[in-house]
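A.B. asks: Position 36, counted from 1, in the sequence shown is what our numbering calls 51; the numbers after and before it change by one each time, with no gaps.
This is the structure I want to talk about, given as structure tokens.
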Amino acid sequence: MLKGFRDFILRGNVVDLAVAVIIGVAFNGIVTSLVNDVLKQFIAAIVGKPDFSYVVFNLHGTPIRIGNFLTATLQFLIVASVVYFGVVLPINHLLARIKKPAPAPPPSTKPCPECLSEIPIAARRCAHCAQPVA
């Protein structure tokens, strides 16, 4: 039973997932700081406040804080764009440059020298004109 657990824990994808979670948590601090300390300050410079929490609708005396939803949505879009343009796009570009194009498969046919129709490489006679092919 313990051997099976050890094999499960030491499997490559479990270790990779653990590393990804740890790196993700560390990266989250960087992105959160970028959003809160830099990008939201640009929003505050334009709109006047760093968030929209002041936007509240009252419906029968109950406050509906639409501003909090707008702030959370905007923060999500900012984080998603930072991750996409700062991590995903450069990694995809790098992997595309590293990855070499697949070699073209060898041809499976050749033209008949007499009638120019396509015949298999291993053919000794053309199926269309019956001429011997070298």
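Built from N, CA and C at the ideal position, the CB exists for glycine as well.
Hey, quick one: how far does the alpha helix (DSSP H) through F100 stretch, first residue to last?
C.D. replies: No alpha helix (DSSP H) holds F100; DSSP gives it neither H nor E.
A.B. asks: Would D31 pass as an interface residue toward chain C - the criterion being a Cβ-Cβ separation below 8 Å?
C.D. replies: Within the model displayed, chain C is absent; a lone protein chain is all it includes.
A.B. asks: If you follow the alpha helix (DSSP H) that P105 is in, where does it begin and where does it stop?
C.D. replies: L104 to I113
A.B. asks: Thinking C-alpha only, which one of K64, I79 and P65 is nearest V71?
C.D. replies: I79
A.B. asks: Entirely within the region 31-73 and at least 4 residues each: give me those alpha helix (DSSP H) ranges in chain order.
C.D. replies: With a minimum length of 4 residues, the continuous alpha helix (DSSP H) runs that stay inside the region 31-73 are 55-62.
A.B. asks: Quick check on DSSP: helix, strand or coil for I136?
C.D. replies: coil
A.B. asks: What's the C-alpha gap between N43 and K64?
C.D. replies: 24 Å
A.B. asks: Which residues bound the beta strand (DSSP E) around P78?
C.D. replies: T77 to I79
A.B. asks: Could you please give the first and the last residue of the uninterrupted beta strand (DSSP E) stretch that includes P15?
C.D. replies: Limits of the chain in this structure are 16 at one end and 149 at the other, which puts residue 15 out of reach.
A.B. asks: In the DSSP output, which residue or residues are listed as bridge partners for P147?
C.D. replies: R140
A.B. asks: Determine the DSSP secondary structure at L131, reduced to helix, strand or coil.
C.D. replies: Looking at L131 - three-state DSSP - the assignment turns out to be coil, as it is neither helix nor strand.
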